[in-house]
Amino acid sequence: MLEKKFAFPVPKKHFMPSSQKRIALLGSTGSIGTQTLDIARLHKDKIAIEVLTAHSNADLLIAQAAEFMPNVVVIGNELLYDKVFAALDPLGIKVYSGEKSLASVVEMETVDLVLTALMGYAGLLPTIRAIKAGKDIALANKETLVVAGELIMKLATENNVSIIPVDSEHSAIFQCLVGEYHNKIEKIILTASGGPFRGKDRNFLSTVTKAQALKHPNWSMGAKITIDSASLMNKGLEVIEAKWLFDLKPSQIEVVVHPQSIVHSMIEFEDTSIKAQLGLPDMKIPIQYALFFPHRIKADFEKFSFLKYPTLTFEKPDTETFRNLNLAYQAMETGGNAACVLNAANEIAVSKFLNDEISFLQISDMIAHCMGKIAFIKQPNLEDYIHTDQATRAMAENMILR
Ligand code: NDP
Ligand code: MG
25 MLEKKFAFPV
35 PKKHFMPSSQ
45 KRIALLGSTG
55 SIGTQTLDIA
65 RLHKDKIAIE
75 VLTAHSNADL
85 LIAQAAEFMP
95 NVVVIGNELL
105 YDKVFAALDP
115 LGIKVYSGEK
125 SLASVVEMET
135 VDLVLTALMG
145 YAGLLPTIRA
155 IKAGKDIALA
165 NKETLVVAGE
175 LIMKLATENN
185 VSIIPVDSEH
195 SAIFQCLVGE
205 YHNKIEKIIL
215 TASGGPFRGK
225 DRNFLSTVTK
235 AQALKHPNWS
245 MGAKITIDSA
255 SLMNKGLEVI
265 EAKWLFDLKP
275 SQIEVVVHPQ
285 SIVHSMIEFE
295 DTSIKAQLGL
305 PDMKIPIQYA
315 LFFPHRIKAD
325 FEKFSFLKYP
335 TLTFEKPDTE
345 TFRNLNLAYQ
355 AMETGGNAAC
365 VLNAANEIAV
375 SKFLNDEISF
385 LQISDMIAHC
395 MGKIAFIKQP
405 NLEDYIHTDQ
415 ATRAMAENMI
425 LR
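First residue of the sequence shown: 25, per the working numbering; consecutive thereafter.
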């Protein structure tokens, strides 16, 4: 029997692989969402889709609902409600729209596990509501922990809720921790692919286009996280995510660049032993692990072969060129609402970069500017996080960069 101890989330209900787990999948139309449904499709005896939500991709949401027959769907964009209702009401599927519905469907009694695969800050309130309703969380939406990690982990403990990471690095750490509950972590080593601009200098980066930034060498993901990977902000967000998930000090979290993305992350213990989890870069592996934890389910994913990858390399991240990683460490060390500012400024900056309104290097300029200007709150409550997010977005939106 696995024991629950600070950072070792264990689902309250120990589902055996033969029993059906009922899932609310938030963000079903995205990269993680569609891959989650690929797994659910193979394991209909073990997974029932109870809730599906999307923001604006009504056509895909309708198709997914017609296939998986959830009890409820939520379309975030209220203008699309009529279209989704017309398609799904005849099938007996309940249709809701808007942010409030998104936050309340997670509380449904028929939901066992909420998988948060929506993008950005939008994940925060539904995750809080789900935790308060006692639902276990499979967490892909790292921004939730970046914005309000202290609050989220406290709520999870109070409500006896497990937070099971989906992010590949955190899943790797989580998998390495199984059986190590009483052993102290010396440090964790998060691996980073380095993204499409690894080895490039600031001169090169000053003119890169969004098409170049969207070409990730190893992973196929949503647009926002792909830009975050190119700017190293993704690793910055993951460092903060790891701090909260595994209850670590900033000095216990190291980042190494590993361009092959085979070693997904590592833990060093006090006896100097290092444990790592390896595999091909395929998000279905950590998604499936989170869905079925503590069980491993047979899968026919492509297998990793050491002989096909005779050289696995590791190098120091270039934080002079890629400033975002240091900005994230700075926000983590500052604490309070600093990481909430970092996240909001980054979300606006990335969307401006994707709209061709700012250059790639200006993403970091915008974040650093907001971090220097937004009022610091040492012990924020939920209202403070909401206000910090809004104030930072307004500042970033109105910033004029030369
Ligand atoms: P995508 O952009 O592919 O998908 C995002 C999903 O969230 C879509 O279903 C989208 O709906 C929905 N969504 C977007 N904005 C909102 C909003 N304001 N309110 C409600 N729903 C919204 O993202 P990814 O799947 O790539 O990433 C999802 C999360 O998982 C992110 O936090 C990311 O950091 C994390 N993650 C992703 C990985 C990956 O490989 N993709 C790896 C590790 C973590 P619609 O399509 O209708 O617009
Ligand atoms: Mg990751």
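Where is the CB? At the ideal position from N, CA and C, for every residue including glycine.
Closer than 7 angstroms: residue i CB and nearest the ligand NDP heavy atom
i, result
"K248", "yes"
"D389", "no"
"T53", "yes"
"I56", "yes"
"L385", "no"
"G100", "yes"
"S80", "yes"
"M257", "no"
"L137", "no"
"W243", "yes"
"T407", "A small fix is needed here, since residue 407 is Glu in this sequence, not Thr. Answer for E407: no, Cβ out of range of the ligand NDP."
"M395", "no"
"E371", "no"
First and last residue of the uninterrupted beta strand (DSSP E) at residue i
i, result
"K118", "118-121"
"R46", "45-50"
"L139", "137-140"
"D160", "160-163"
"A89", "Not the beta strand (DSSP E): A89 falls in the alpha helix (DSSP H), residues 82-92."
"K211", "209-216"
"S289", "287-293"
"K278", "Per the sequence shown, the amino acid found at residue 278 is Glu instead of Lys. 277-281 is the span of the beta strand (DSSP E), which, as asked, contains E278."
"I152", "Note, I152: premise wrong, no beta strand (DSSP E); alpha helix (DSSP H) at 148-156."
"I99", "96-99"
Cβ shell of residue i (< 7 angstroms), same chain only, five flanking positions each side left out
i, result
"G249", "Reading the sequence as shown, one finds Ile at residue 249 and not Gly. Here the set comprises N258."
"M143", "G51, G54, G246, K248"
"V108", "A82, L85, I86, V97, I99, V119"
"F32", "Low per-residue confidence applies at F32: pLDDT is 48, beneath 50, and the placement is therefore not dependable enough to give any value."
"A323", "Q312"
"A399", "none"
"Q414", "none"
"I63", "K308, I311, Q312, L315"
"T181", "none"
Residue range of the alpha helix (DSSP H) that includes residue i
i, result
"V374", "362-378"
"Q59", "55-66"
"L349", "348-358"
"V190", "Note, V190: premise wrong, no alpha helix (DSSP H); not H, not E."
"A254", "247-254"
"T77", "Note, T77: premise wrong, no alpha helix (DSSP H); beta strand (DSSP E) at 71-78."
"K178", "166-182"
"K299", "Per DSSP, K299 belongs to no alpha helix (DSSP H); it is in the beta strand (DSSP E), 298-302."
"V108", "105-112"
"V263", "257-270"
"I309", "308-316"
"S383", "It is not in any alpha helix (DSSP H) - S383 carries neither H nor E in the DSSP assignment."
"L229", "226-229"
"Q284", "Unbroken run through Q284: none, as it is neither H nor E."
"R417", "406-422"
Spatial neighbours of residue i in its chain, beta-carbon cut-off 8 angstroms, leaving aside the 5 residues before and after
i, result
"I117", "A89, M93, P94, N95, V96, V97"
"Q276", "I209, E210, K211, I212"
"I321", "P41, H67, K70, Q312"
"K402", "G359, G360"
heavy atom of the ligand MG below 7 angstroms from residue i C-beta
i, result
"D252", "no"
CA-to-CA distance, residue j to residue i, given in whole angstroms
i, j, result
"T134", "R46", "7 angstroms"
"E91", "A127", "24 angstroms"
"A392", "A373", "11 angstroms"
"L355", "K166", "The identity of residue 355 in the sequence shown is Ala, whereas the question assumes Leu. Straight-line Cα distance between these residues: approximately 15 angstroms."
"F338", "V280", "6 angstroms"
"K28", "S125", "Legend: pLDDT at K28 = 40, less than 50; position of this residue unreliable, no value from coordinates given."
"F30", "L149", "In this prediction, F30 has a pLDDT of 40, which is less than 50 and means its spatial position is unreliable; nothing more can be read from the coordinates."
"Q284", "G219", "10 angstroms"
"I152", "G359", "20 angstroms"
"F223", "M290", "The amino acid at residue 223 is misidentified as Phe; the sequence shows Gly. Between G223 and M290, the C-alpha separation is close to 23 angstroms."
"R417", "I410", "11 angstroms"
"S121", "E74", "16 angstroms"
"L385", "A420", "15 angstroms"
"H282", "D113", "48 angstroms"
"I442", "T215", "The structure shown has nothing for residue 442, since the chain only spans 25 to 426."
"I197", "V185", "19 angstroms"
"N379", "L238", "13 angstroms"
"W243", "Q236", "14 angstroms"
"I387", "T233", "13 angstroms"
"E265", "L169", "5 angstroms"
"S192", "I424", "36 angstroms"
"L175", "E123", "21 angstroms"
Close beta carbons around residue i, own chain, < 6 angstroms, minus the five adjacent residues each side
i, result
"N348", "S255, L256, M257, G260, S388"
"A300", "V287, M290"
Give the residues whose C-beta lies closer than 6 angstroms to at least one heavy atom of the ligand MG, in chain order. D191, S192, E193, E262
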